[in-house]
Ligand code: 2PG
Ligand code: MG
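Residue numbers (full-length UniProt numbering): 1 to 436.
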């Protein structure tokens with residue numbers, strides 16, 4: 001039984017306020033802290049901000065905090081729901097209390113914080129780890145599959161101050177034999193990349209962006225990928241590490257076209273067909289295995305054309321916003337073959353699981369993701385294992401809020417190996433891990 005729920009305004013990794021929830025039962029107090037995006041999809045659940053410019057430039061979350069304190073907390077305590085068995089009912093109540101279709105009334109940040117804290121408490125009350133609790137909630141099969149970490153080592157778009165339009169260029173150690181080895185490979189490449197950048201652009205270019213990746217003075221995708229080819233080779237992992245990109249193209253979609261010069265104020269406008277050609281040539285020239293949000297969330301036709309015979313994983317982020325409604329629409333339009341899973345896009349753990357299961361039912365992949373504004377909360381590490389998604393992205397192997405997830409995953413791997421439980425590293429099977 002839930003005894004009390006309290007919330008407080010704390011900071012995220014960008015120094016903006018976010019919601020922290022403390023849920024107390026007879027077994028202890030369980031905490032969650034909510035992440036926040038910058039390149040957000042238009043259809044995401046609403047993150048409630050105070051809009052009062054006298055505090056935090058209007059970004060305060062005191063309204064969301066008081067919605068937890070005054071509305072959600074008392075209702076959940078009164079409900080008598082059990083955290084170990086009633087996650088679905090709890091999340092349904094949270095949705096009902098809000099009553100809007102996008103959680104605009106109480107705020108997805110308020111609701112998600114409570115939903116996450118309930119899951120943590122539920123795991124503790126069931127005497128199982130959070131990943132096992134989430135596995136049971138989702139109905140995923142065993143054995144456990146450790147995800148391939150997709151490290152975003154070069155930051156662009158709205159996550160950094162350089163002129164690179166593409167938001168993320170990632171490395172994926174698919175050739176590792178375990179998650180722990182994958183982290184080592186990622187970290188070694190990251191350190192080599194730093195050397196390459198310093199040599200090429202000088203020490204001041206070694207600064208990092210919001211997700212811990214470097215943000216050197218480059219603007220073209222092939223420049224980013226060339227840097228990665230070099231760093232991977234210097235680290236001795238050529239062939240074992242593949243690449244991925246998230247252009248986050250909704251951010252530079254203007255009147256039906258894409259302005260790759262949007263950060264430079266020197267327009268470099270590409271039609272959807274030209275942008276498609278650019279992607280095709282990148283896929284030909286580099287070992288890219290995954291492309292996320294290559295087209296804007298409203299540019300459905302381009303998605304559908306690109307998806308036809310697409311040789312790589314094509315992930316919908318802004319397009320799907322972890323929402324069954326858009327996952328269904330994308331399936332009908334044959335727009336992509338994978339869903340990005342961001343828990344704060346939808347606002348409750350049960351709905352996030354429902355969206356993932358719908359994606360699986362279409363034989364799609366599911367790719368778990370952090371947000372660019374993160375916290376030390378490592379919930380998504382357990383989520384990736386519990387739902388057997390086979391891959392996750394949590395930024396570079398650098399910065400506390402990013403490595404919190406990778407460190408937790410190494411703990412999970414060690415724990416599973418220690419108990420003798422069968423555990424597989426997804427490796428090159430990351431797209432079909434749910435069926436391994
Ligand atoms: C994305 C994310 C996370 P943001 O676009 O995939 O990397 O960025 O959280 O800013 O939406
Ligand atoms: Mg994205």
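Ideal Cβ placement from N, Cα and C applies to all residues, glycine included.
- Cα atoms of residue 146 and residue 7: separation of roughly 32 Å, rounded to the nearest angstrom.
- Straight-line spacing of the CA atoms in residue 354 and residue 285 works out to 37 Å.
- Contiguous alpha helix (DSSP H) elements confined to the stretch 42-69 occur at 62-67, taking only those with 4 or more residues.
- Bridge partners of residue 286 according to DSSP: none are assigned.
- For the pair residue 406 and residue 232, the CB atoms are not nearer than the 8 Å cut-off.
- At a threshold of 7 Å, residue 246 counts as near the ligand MG, since its beta carbon sits closer than that to one of the ligand's heavy atoms.
- Contact annotation: residue 83 and residue 2 have beta-carbon atoms nearer than 8 Å.
- Residue state for residue 154 is assigned as strand, using DSSP reduced to three classes.
- Looking from the CA of residue 282, the closest CA among 257, 223 and 18 belongs to 223.
- A distance below 8 Å between beta-carbons, with the five flanking residues on each side excluded, links residue 301 to the following residues of its chain, in chain order: 272.
- Using a C-beta cut-off of 8 Å, the stretch 332-350 makes contact with the stretch 306-322, since at least three inter-stretch Cβ pairs fall below that distance.
- A straight line joining the alpha-carbon of residue 32 with that of residue 26 spans about 18 Å.
- By the 16-neighbour rule on beta-carbons within 10 angstroms, residue 421 is exposed.
- Distances from the CA of residue 43 to each of 393, 347, 417 and 425 were compared; the closest alpha carbon is that of 347.
- Taking the CA atoms as reference points, residue 365 sits about 29 Å from residue 215.
- Shown here for residue 397: same chain residues with a beta carbon closer than 7 Å to its own, the five before and five after excluded, namely 151, 183, 186, 187, 190, 403 and 406 in chain order.
- Your pair residue 48 and residue 75 does not check out as a contact, with CB atoms roughly 17 Å apart and the cut at 8 Å.
- By the CB criterion at 8 Å, residue 159 and residue 211 fall inside the cutoff.
- Per DSSP, the continuous beta strand (DSSP E) segment holding residue 23 begins and ends at 17-25.
- Relative to the ligand 2PG, residue 317 has its C-beta within less than 7 Å of a heavy atom.
- Contact between residue 349 and residue 381 fails: their C-beta atoms lie close to 14 Å from each other, not under 8 Å.
- Judged by DSSP in its simplified three-state form, residue 149 adopts strand.
- Where residue 12 is concerned, there is no enclosing alpha helix (DSSP H), because DSSP gives it neither an H nor an E.
- The Cβ atoms of residue 217 and residue 201 lie closer than 8 Å to each other.
- Straight-line spacing of the CA atoms in residue 213 and residue 162 works out to 12 Å.
- By the Cβ test, the stretch 115-123 is not in contact with the stretch 163-177, since fewer than three Cβ pairs between them sit closer than 8 Å.
- Taking 7 Å as the cut-off, the C-beta of residue 392 does not count as close to any heavy atom of the ligand 2PG.
- For residue 299, the Cβ stays outside the 7 Å cut-off from all heavy atoms of the ligand MG.
- Annotation: the continuous alpha helix (DSSP H) that includes residue 304 extends over 300-307.
- The alpha-carbon of residue 69 is positioned some 11 Å away from that of residue 111.
- When DSSP states are grouped into helix, strand and coil, residue 399 belongs to the coil group.
- For the options 240, 265 and 369, the alpha carbon positioned closest to that of residue 287 is the one of 240.
- Taking a C-beta distance under 8 Å as the contact criterion, residue 58 and residue 321 do not qualify as a contact pair.
- Closest in C-alpha terms to residue 248, from the list 51, 335, 193 and 157, comes 157.
- Annotated as distal: residue 386 and residue 126, with beta-carbon spacing of 8 Å or more.
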